[in-house]
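Report on one structure; see the data block that follows.
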Amino acid sequence: NAGVTQTPKFQVLKTGQSMTLQCAQDMNHNSMYWYRQDPGMGLRLIYYSASEGTTDKGEVPNGYNVSRLNKREFSLRLESAAPSQTSVYFCAGGGVYSNQPQHFGDGTRLSIL
Amino acid sequence: AQKITQTQPGMFVQEKEAVTLDCTYDTSDPSYGLFWYKQPSSGEMIFLIYQGSYDQQNATEGRYSLNFQKARKSANLVISASQLGDSAMYFCAMREGNAGGTSYGKLTFGQGTILTVHP
Chain W
39 NAGVTQTPKF QVLKTGQSMT LQCAQDMNHN SMYWYRQDPG MGLRLIYYSA
89 SEGTTDKGEV PNGYNVSRLN KREFSLRLES AAPSQTSVYF CAGGGVYSNQ
139 PQHFGDGTRL SIL
Chain L
146 AQKITQTQPG MFVQEKEAVT LDCTYDTSDP SYGLFWYKQP SSGEMIFLIY
196 QGSYDQQNAT EGRYSLNFQK ARKSANLVIS ASQLGDSAMY FCAMREGNAG
246 GTSYGKLTFG QGTILTVHP
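Here the protein sequences line up with chains W and L, keeping their order.
If you count by the numbering used here, then the first sequence holds residues 39 to 151, one letter each, in order.
If you count by the numbering used here, then the second sequence holds residues 146 to 264, one letter each, in order.
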């Protein structure tokens, strides 16, 4: 009963390096989301995918790209990492109906040096 | 303007006492949903309770209840009989649009309140 699985859990990058955060869900959610969590700011939406094959920008999309590979997988890519992207990243999957909560992965703690 | 405001950066409560965590929201959409999540020190996000804008009664889930005052645009979380394990960060979040229908909306989160339960 995995739910939403994120990999890796921790990562340290140097400025300018690229990497992809992976997210997979086995809950049959149509919608998936990427958030970042910074101290004192709560979670902010980076990108979301309402359904397979569609993606849209959230509140803070600059410096990121996403791919909805299939219904299960939604990846987040940092093409050229910057120290300002040091954060905890959460992937979530949403329910079919709006009274259903989003289910979150355990997060990826990313540090950019 | 902030859509979700949690004005209490930190709260303290004695074990077995009740505590209220404040949340106010701002939306012009008549259909919306309000969620509370708990984030313990281990970091995961745990869903606690949901309130829809058209729900007639305040939501309850075990020791959690929501004091929903629609006219004041507030959705305060009440935790009864606090336990040491309730010590965590608590987030209020809102999803606008289609409160009773198919979900596509994104969550907007408040800044969170750190709750500390003292023995």
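Using N, Cα and C, we set each Cβ at its ideal position, and we do this for glycine too.
Does any residue of chain W bring its CB to less than 8 Å from the CB of residue i?
i: lysine 251 of chain L; result: yes
i: glutamine 153 of chain L; result: no
i: glycine 188 of chain L; result: yes
i: glutamate 162 of chain L; result: no
Within the same chain, show all residues whose beta-carbon is closer than 7 Å to that of residue i, passing over the 5 residues directly before and after it, in chain order.
i: leucine 116 of chain W; result: Ser56, Met57, Gly101, Tyr102 and Gln123
i: lysine 183 of chain L; result: Ile191, Leu193, Ala233 and Tyr235
i: valine 164 of chain L; result: Met156, Val158, Ile224, Ser227 and Leu260
i: phenylalanine 128 of chain W; result: Tyr73, Gln75, Leu81, Phe142, Gly143 and Gly145
i: serine 262 of chain L; result: According to the sequence shown, residue 262 of chain L is valine rather than serine. These residues qualify, in order along the chain: Val158, Glu160, Ser227, Gln228, Leu229, Asp231 and Ser232.
Quick one: what's got a C-beta closer than 8 Å to residue i's C-beta in the same chain, skipping five residues either side?
i: serine 248 of chain L; result: Any answer about serine 248 of chain L is weak, because its pLDDT of 43 lies below 50 and its placement is not dependable; what the coordinates show is given next. Closer than 8 Å at the Cβ level, and outside the excluded window around serine 248 of chain L, lie Arg240.
i: threonine 92 of chain W; result: Arg106
i: serine 187 of chain L; result: none
i: asparagine 203 of chain L; result: Gln196, Ser210, Leu211, Asn212 and Phe213
Which residues in chain L sit within 7 Å of residue i, going by Cβ to Cβ distance?
i: proline 139 of chain W; result: Phe180, Phe192 and Tyr195
Whose Cβ in chain L lies nearer than 8 Å to the Cβ of residue i?
i: leucine 83 of chain W; result: Lys251, Leu252 and Thr253
Are there any heavy atoms of the ligand GTP lying less than 7 Å away from the beta-carbon of residue i, as far as the coordinates show?
i: serine 186 of chain L; result: Here there are no bound small molecules, and the ligand GTP is not part of this structure.
With 8 Å set as the bound, which would you pick, yes or no: does the beta-carbon of residue i sit closer than that to a beta-carbon of chain L?
i: threonine 146 of chain W; result: no
i: phenylalanine 128 of chain W; result: yes
i: phenylalanine 48 of chain W; result: no
i: glycine 54 of chain W; result: no
Suppose the cutoff is 6 Å on Cβ atoms and the five residues either side in sequence are ignored; what does the same chain contact list for residue i look like?
i: valine 126 of chain W; result: Gln75, Gly145 and Arg147
i: valine 104 of chain W; result: Tyr85, Thr93 and Leu114
i: histidine 67 of chain W; result: Gly131 and Gly132
i: glycine 54 of chain W; result: Ser118
i: valine 50 of chain W; result: Ser149
Identify the contact partners of residue i in chain W, using a Cβ-Cβ distance below 9 Å as the criterion.
i: phenylalanine 236 of chain L; result: Gly80 and Leu81
Please list, in chain order, the chain W residues whose beta carbon lies closer than 7 Å to that of residue i.
i: glutamine 256 of chain L; result: Gly78, Met79 and Gly80
Should residue i and residue j be called a contact, given that it needs their Cβ atoms to be closer than 8 Å?
i: isoleucine 150 of chain W; j: alanine 119 of chain W; result: yes
i: threonine 43 of chain W; j: glycine 143 of chain W; result: yes
i: phenylalanine 180 of chain L; j: tyrosine 170 of chain L; result: no
i: glycine 255 of chain L; j: threonine 150 of chain L; result: yes
i: alanine 238 of chain L; j: leucine 260 of chain L; result: no
i: glycine 242 of chain L; j: aspartate 174 of chain L; result: yes
i: valine 158 of chain L; j: serine 227 of chain L; result: yes
i: serine 87 of chain W; j: phenylalanine 112 of chain W; result: yes
i: methionine 65 of chain W; j: histidine 141 of chain W; result: yes
i: proline 264 of chain L; j: glutamate 160 of chain L; result: yes
i: asparagine 137 of chain W; j: glycine 178 of chain L; result: yes
i: glutamine 60 of chain W; j: threonine 45 of chain W; result: yes
i: threonine 258 of chain L; j: glutamine 153 of chain L; result: yes
Find the residues of chain L that neighbour residue i, judging by a C-beta separation of less than 9 Å, and give them in chain order.
i: phenylalanine 112 of chain W; result: Under the 9 Å cutoff, chain L gives no residues; its nearest Cβ is about 14 Å from phenylalanine 112 of chain W.
Got a sec: which bits of the stretch 69-95 of chain W sit with their beta carbon under 7 Å from any beta carbon on chain B, in order along the chain?
-> Of the protein chains in this structure, namely W and L, none is chain B.
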